[in-house]
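A.B. asks: Here it is: the structure, laid out below.
Number of protein chains: 2
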Amino acid sequence: MFTLPQEESRAPATGLGSASTRDSNYGDGLERERSRKPDQKLPEFCAVGDPAAMFSSNSSYLSSRGGIIKWFWDSAEEGYRTYHMDEYDEDKNPSGIINLGTSENKLCFDLLSRRVSPSGISSSQGLSFLGFPWNTSLIRACCLPQQPWPEPGDPGSRSVSGTTSLSQSDMLRVEPSLLQYPDWRGHLFLREEVARFLSFYCKSPAPLKPENVVVLNGCASLFSALATVLCEVGEAFLIPAPYYGAITQHVCLYGNVRLVCVHLDSEVTGLDTRPFQLTVEKLEMALQRAHSEGVKVKGLILINPHNPLGDIYSPGELRDYLEFAKRHELHVMVDEVYMLSVFEKSGSVLQLPDPQRTHVMWATSKDFGMSGLRFGTLYTENRDVATAVASLCRYHGLSGLVQYQMAQLLQDRDWINQVYLPENHARLKAAHTYVTGELRALGIPFLSGGAGFFIWVDLRKYLPEATFKEEMLLWRCFLDNKVLLSCGKTFECKEPGWFRLVFSDKAHRLCLGMQRVRQVLEGKSQAAEARSSHQSQEPRSQHR
Amino acid sequence: MFTLPQEESRAPATGLGSASTRDSNYGDGLERERSRKPDQKLPEFCAVGDPAAMFSSNSSYLSSRGGIIKWFWDSAEEGYRTYHMDEYDEDKNPSGIINLGTSENKLCFDLLSRRVSPSGISSSQGLSFLGFPWNTSLIRACCLPQQPWPEPGDPGSRSVSGTTSLSQSDMLRVEPSLLQYPDWRGHLFLREEVARFLSFYCKSPAPLKPENVVVLNGCASLFSALATVLCEVGEAFLIPAPYYGAITQHVCLYGNVRLVCVHLDSEVTGLDTRPFQLTVEKLEMALQRAHSEGVKVKGLILINPHNPLGDIYSPGELRDYLEFAKRHELHVMVDEVYMLSVFEKSGSVLQLPDPQRTHVMWATSKDFGMSGLRFGTLYTENRDVATAVASLCRYHGLSGLVQYQMAQLLQDRDWINQVYLPENHARLKAAHTYVTGELRALGIPFLSGGAGFFIWVDLRKYLPEATFKEEMLLWRCFLDNKVLLSCGKTFECKEPGWFRLVFSDKAHRLCLGMQRVRQVLEGKSQAAEARSSHQSQEPRSQHR
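Protein sequence lines correspond, in order, to chains X and R.
Just so we're on the same page, my numbering is the position in the first sequence counted from 1, plus 29.
Just so we're on the same page, my numbering is the position in the second sequence counted from 1, plus 29.
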């Protein structure tokens, strides 16, 4: 049993027990929690479930694991409160905090709202066309002339305003079967639609099968369920770091499964061809290190397109990672929630060396900008895994009405291909172009692979010292200047000074946010420039 | 650490390790799983999370707990398949299986569908009144003259057919905030509405507070979350048996928490005033027994109105149980999912001796006949517990769109009080009157306290021997004669021969189902009657 010495006086840090991670601060990437105070300590997780090793909860009402679970909320809540007490609003609170920390796509609410709303509901005119067929060519004509972006005074989403009164009434059907207990894997009509959808958008060589699909209320739940059914308590998954930090909780809070970081470097040396490159060699080393520390590794988590790096693994790279996993009989969980949010190139994994151990996740939270809708899906050819996850789905179920809506949305290829995706990609690209232009003007290095909603920004030269304490101070400077970012520690990045900057927001908020970022950095730049010559080499490519 | 010897050759039975429970078969009451083959063995749960005590999974891809989780699905699936392969349909499969086993209210889909649907969607005429105000007095006039029930050829829900084209368009609002990451406790507007709703319907002496409300995707999730945050691995909750058997899984699959049964008897002896009566003495004895076996008990689960007994604890009884819990510093989880499905009397618990350890659950699955909607709520004054549960709610989240719908529904007191509840209660009562009349005509004893959707039926006299094997054979006879019931073992009833019969179905299905029940029993009655004189005393009251 893998345990660490307990520290009762303070909750120790996470990680695999290496000095570097145990000393470091913790923040997770859970989107609502991006503002966790970065100096808060994470309780030690390896011990959950092992009574002898549990540290005491600070509530007499909770179990020790309950205390840890509550800790996650409290620590997130503190930062979150700062933001929500002073949230930016164009009219009511123009000096409030701009949120460039949460990875949500706020660029296409107009399109989504019109697609999902029943007739008339989203239209302030009260005008509706009940049953009016969706005229894709008309919409397309309205959408496609992409306006320059951002344009002063333009909210960034008016290009399809001519369609305001066009809405569909196909989104709320109330049938007895939708109100009754569902098949916990998801209604068959939805799993069939998901299989067709993924076959098409992942360019699957053969049609995917509905019986390999499990539908549930988001990928957080999927991580939780997979961790539980694949691992014993205390076992681990490998994950390249930096990574979307909320996964730490997802595999741990219920499943008591740990993450073993494969730490990546910004410096390009040896065989690496780009900053933060994942190689099989690094995977092998991390696996060996875990074994030598007595940690049993059961799988590998890959995020593709990557969060926070914003890039996409090449088919060759993916094949290498998957073959590494196959050699070691590791499961691979491929998180593809940004699959369709690729505005410069595209790729997905569904040709697999070890299909029985490869489990692909997708959700609508990112690609359809609906994190509040709580819809995620697993595709796996392993029936045992699908069944075990389905058995846990009674705790991750989603409404029959939402299942109906999702099936309607996913089957509307005309809308997706001709309205939503082109417009969404155009808006993402425009916002990305604007932010990267601003960063270049400021002389700030960054990584961005043309996918996702964020840019991985190198602000190391603005830190007086290369420490996470300084990173946190800079994060606070941003917050004090009313702009919220996510700092690298949140993603378990081992180099202090990296930040994730979300660009998928409306023009007026994004411009104002970038203005505030610039103010902070310009205020620091003289001192920073003096130090910059001592810094380590910048990432080779600024514009990926 | 409480462990039992492992049996690798077969999965051992559940229970607290007493001979009686370990030898017995298992089935859970999870509604979709009421048809689990009752002779299947339950894996031993106390051992989950304790590697030394885990029995091996039969899948090389799953962890041992994953194997157990999958076992639950497989064992349920087998019985479920039988039903779903031959589901009754009035037109397409009139000789298919009638389901009187699943506790769902199928009597009011017409009302619900009209209330939830947007204009026109639920109306086959395509006629709609967008924004037309809900004319409760009109509806009421249509609803209240209760038709005789059941009436040949009447589907049981036509009494409000005059309102078919009246529908509201207030149920699908798509606002950005509903599509974005929510407050995991639930949107504030919904928690406010839930607090008002519970204050009103629980007749709370003071208004309940939204900050004490947590909203999630059903009470199954709530059991899972509460077990995890209140108990360490292997700790236990007391639960009076018979009980809704799915709770076994809910507290165990993720939380690895066990149930200690407080076994109740049908015989009325000593201080008991009715069959299956829970007394403080029985609670004390079960607690002592658990302690003597080294099991740490952290709480008590009360189901009120009770499933499967269908009765309601009196205020005096409830106070006694809560004070027992307070004496022993036990949490009390009060499952009130049938709170408003009381058609003869009513009661609820919200005046509490130990509010910091009392956690009340409610959901719309039963009272609003929408088990597929996945909406449940916790009310607790204990902030630590509320916060810890909220922290797990990222795995139990429900769509923002559903949250909006629920708030709309719960705030519509006119519809609830003047349309839905009176009509629902009238239909429940009519169906109940019909089924109890049939049972009386057959001379079958039963318990039914005027709440819930089911009658607890004593078929002991039809068993040649008082064994669970014979109970299972009778269950199979019903299934072979195309009617599905839930047998007592499913509810951990310790006396073989009790069945739960659900009556909340449309007249034509219910009549046919009862006809098939009668055929089976009449076929067995000669032999059964010969044996009946040797049976133990029947429950004192047949008609509670």
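Virtual Cβ for every residue (Gly too), placed ideally from N, Cα, C.
Here the structure is a predicted model, which is why all the values come from computation and not from measurement.
(1) I'd like to know if Thr257/R contacts chain X, where contact means its C-beta is closer than 8 Å to some C-beta of that chain.
(2) In terms of alpha-carbon separation, which member of Gly339/X, Cys290/X, Val297/X, Asp340/X lies closest to Ala319/X?
(3) Given a cut-off of 8 Å, decide if Leu316/R and Val361/R are closer than it, judged by their beta-carbon atoms.
(4) May I have the straight-line CA-CA distance separating Lys490/R from Thr406/R, to the nearest angstrom?
(5) Nearest-angstrom Cα distance between Val389/R and Pro382/R?
(6) Give me the Cα-Cα distance between Phe226/R and Thr387/R, rounded to the nearest whole angstrom.
(7) Is there at least one Cβ from chain X nearer than 8 Å to Val464/R's Cβ?
(8) So, Cys281/R versus Ala392/R, is the Cβ gap smaller than 8 Å?
(9) Does DSSP classify Glu37/R as helix, strand or coil?
(10) Okay, do the segment 397–415 of chain R and the segment 420–434 of chain X touch, 3+ Cβ pairs below 8 Å being the bar?
(11) Could you work out which residue in Cys506/X, Tyr367/X, Pro123/X is closest to Lys395/X when comparing CA atoms only?
(12) Consider the Cβ of Asn411/R: report whether some Cβ of chain X lies at a distance smaller than 8 Å.
(13) Under 8 Å by Cβ, that's how I've got Ala480/X and Val371/X pegged, so tell me the actual separation to the nearest angstrom.
(14) Return yes when the Cβ of Phe483/R is within less than 8 Å of the Cβ of Phe532/R, no when it is not.
(15) To be precise: take each residue of the segment 265–286 of chain X, compare its Cβ to all Cβ atoms of chain R, and keep it if any distance is under 7 Å. Which residues remain?
(16) Is the separation between the beta-carbon of Glu222/R and that of Ala436/R shorter than 8 Å?
(17) In the DSSP assignment, what residue or residues form a beta bridge with Pro269/R?
(18) Within the continuous beta strand (DSSP E) that includes Trp391/R, where are the two ends?
(19) Could you check where the alpha helix (DSSP H) with Tyr463/X kicks off and where it finishes?
(20) Going along chain R, which residues have a C-beta under 7 Å from Ser146/X?
(21) Leaving out five residues before and five after Asp199/R in sequence, what residues of the same chain have Cβ atoms less than 8 Å from its Cβ?
(22) Quick one: what's Glu17/R bridged to in DSSP?
(23) If we call anything under 8 Å between Cβ atoms a contact, is Gly274/R one with Ser477/R?
(24) Looking at chain X, is there any beta carbon in it that lies within less than 8 Å of the beta carbon of Trp391/R?
(25) DSSP three-state call for Met399/X: helix, strand or coil?
(26) Check whether the Cβ of Ser554/R lies closer than 8 Å to any Cβ atom in chain X.
(27) Taking only the alpha-carbon atoms, compute the straight-line gap between Leu141/X and Arg214/X and give it to the nearest angstrom.
(28) Just grab the DSSP bridge partners of Tyr408/R for me.
(29) Kindly list, in the order they appear in chain R, the residues whose Cβ is closer than 8 Å to that of Gln385/X.
(30) So, for Lys553/X: in the same chain, excluding its five sequence neighbours on each side, which residues have a beta-carbon less than 7 Å away from its beta-carbon?
(31) Considering just the uninterrupted stretch of the beta strand (DSSP E) at Ser311/X, what are its terminal residues?
(32) In angstroms with no decimal places, state the Cα-to-Cα distance between Ala235/X and Phe229/X.
(33) Per DSSP, what are the beta-bridge partners of Ser15/R in this structure?
(34) Tell me the DSSP secondary structure of Trp213/R in three-state form.
(35) Taking buried to mean at least 16 other C-beta atoms within 10 Å of its own C-beta, is Thr298/R buried or exposed?
(36) Could you compute how far the alpha carbon of Asn128/X sits from the alpha carbon of Val309/X?
C.D. replies: In short, the structure shows the following:
(1) Looking up residue 257/R in the second sequence gives position 228. Cβ-Cβ to chain X under 8 Å: yes for Thr257/R.
(2) Sequence index remark: in the first sequence, residue 319/X carries index 290 (1-based). Minimum Cα-Cα distance from Ala319/X among the listed residues Gly339/X, Cys290/X, Val297/X, Asp340/X corresponds to Cys290/X.
(3) For this step, residue 361/R is matched to residue 332 along the second sequence. For this step, residue 316/R is matched to residue 287 along the second sequence. Cβ distance not < 8 Å, so Val361/R and Leu316/R don't count as in contact.
(4) Sequence index remark: in the second sequence, residue 490/R carries index 461 (1-based). Sequence index remark: in the second sequence, residue 406/R carries index 377 (1-based). In a straight line, the C-alpha of Lys490/R is about 41 Å away from that of Thr406/R.
(5) Taking the first residue of the second sequence as 1, we reach residue 389/R at position 360. Taking the first residue of the second sequence as 1, we reach residue 382/R at position 353. Cα-Cα distance, rounded: 14 Å.
(6) As a first step, residue 226/R is located in the second sequence; it is residue number 197 there, counting from the start. As a first step, residue 387/R is located in the second sequence; it is residue number 358 there, counting from the start. The alpha-carbon atoms of Phe226/R and Thr387/R are separated by roughly 19 Å.
(7) Along the second sequence, one-based indexing puts residue 464/R at 435. The C-beta of Val464/R comes no closer than 8 Å to any C-beta of chain X.
(8) What you label residue 281/R is simply residue 252 of the second sequence in a count that begins at 1. What you label residue 392/R is simply residue 363 of the second sequence in a count that begins at 1. For the pair Cys281/R and Ala392/R, the CB atoms are not nearer than the 8 Å cut-off.
(9) Counted from its first residue, the second sequence places residue 37/R at position 8. Reliability fails at Glu37/R, whose pLDDT of 31 lies under 50, so the model's placement of it is uncertain and no value is given.
(10) The segment 397–415 of chain R, when compared against the segment 420–434 of chain X, does touch it at the 8 Å Cβ threshold.
(11) Counted from its first residue, the first sequence places residue 395/X at position 366. That would be Tyr367/X, whose Cα lies nearest to the Cα of Lys395/X.
(12) Reading the second sequence from its first residue, position 382 is the one you call residue 411/R. Interface residue, yes.
(13) What you label residue 480/X is simply residue 451 of the first sequence in a count that begins at 1. What you label residue 371/X is simply residue 342 of the first sequence in a count that begins at 1. The beta-carbon distance between Ala480/X and Val371/X, rounded to whole angstroms, is 4 Å. This is short enough to meet the 8 Å contact definition.
(14) By 1-based counting over the second sequence, the position of residue 532/R is 503. By 1-based counting over the second sequence, the position of residue 483/R is 454. In terms of Cβ geometry, Phe532/R and Phe483/R form a close pair [threshold 8 Å].
(15) Those would be Leu282, Tyr283, in chain order.
(16) As a first step, residue 222/R is located in the second sequence; it is residue number 193 there, counting from the start. As a first step, residue 436/R is located in the second sequence; it is residue number 407 there, counting from the start. It is a contact, given that the beta carbons lie within the stated cut-off.
(17) Locating residue 269/R in the second sequence gives position 240, counting from the first residue. According to DSSP, which records beta bridges pairwise, Pro269/R is partnered with Val291/R.
(18) Start at 1 with the first residue of the second sequence, and residue 391/R comes out as number 362. Run containing Trp391/R: 387–392, per the beta strand (DSSP E) assignment.
(19) Working through the first sequence from its first residue, we reach residue 463/X at position 434. Annotation: the continuous alpha helix (DSSP H) that includes Tyr463/X extends over 450–470.
(20) To locate residue 146/X, count along the first sequence from 1; it is residue 117. The answer, in chain order, is Leu201, Val203.
(21) As a first step, residue 199/R must be located in the second sequence, where it is residue number 170. Here the set comprises Gln437.
(22) Chain R is shown only over 30 to 573; residue 17/R falls outside these bounds and no answer can be derived.
(23) Position 245 of the second sequence holds residue 274/R. Position 448 of the second sequence holds residue 477/R. Here Gly274/R is not near Ser477/R, since their CB atoms are 8 Å or more apart.
(24) Walking along the second sequence from the start, residue 391/R turns up at place 362. Taking Cβ atoms only, chain X never reaches closer than 8 Å to Trp391/R, which makes this a no.
(25) As a first step, residue 399/X must be located in the first sequence, where it is residue number 370. Met399/X falls in the coil class under three-state DSSP.
(26) Against the second sequence, residue 554/R aligns to sequence position 525. Not one chain X Cβ lies under 8 Å of Ser554/R.
(27) Locating residue 141/X in the first sequence gives position 112, counting from the first residue. Locating residue 214/X in the first sequence gives position 185, counting from the first residue. Roughly 26 Å between the two C-alpha positions.
(28) Along the second sequence, read from residue 1 onward, the residue named residue 408/R stands at position 379. Paired residues: Val242/R, Val389/R.
(29) On the first sequence, position 356 is the one that residue 385/X refers to. Ordered by position in chain R, the residues that pass the 8 Å Cβ test against Gln385/X are Tyr90.
(30) Sequence index remark: in the first sequence, residue 553/X carries index 524 (1-based). Counting only Cβ-Cβ distances below 7 Å, and skipping sequence neighbours, we find Tyr491.
(31) The sequence position of residue 311/X within the first sequence is 282, counting from 1. For the record, residue 311/X in the displayed sequence is Lys; it is not Ser. Counting along the chain, no beta strand (DSSP E) covers Lys311/X; the unbroken alpha helix (DSSP H) around it starts and ends at 309–321.
(32) By 1-based counting over the first sequence, the position of residue 235/X is 206. By 1-based counting over the first sequence, the position of residue 229/X is 200. Each residue's CA atom was taken as its position, placing Ala235/X and Phe229/X some 10 Å apart.
(33) In this structure chain R extends from 30 to 573, so residue 15/R is not present and cannot be described.
(34) Within the second sequence, numbered from 1, the residue matching residue 213/R stands at position 184. Secondary structure of Trp213/R (DSSP, three-state): coil.
(35) One-based indexing of the second sequence puts residue 298/R at position 269. Classification of Thr298/R: exposed, given that the 10 Å Cβ count is below 16.
(36) For this step, residue 128/X is matched to residue 99 along the first sequence. For this step, residue 309/X is matched to residue 280 along the first sequence. In this structure, the alpha-carbon of Asn128/X lies about 36 Å from that of Val309/X.
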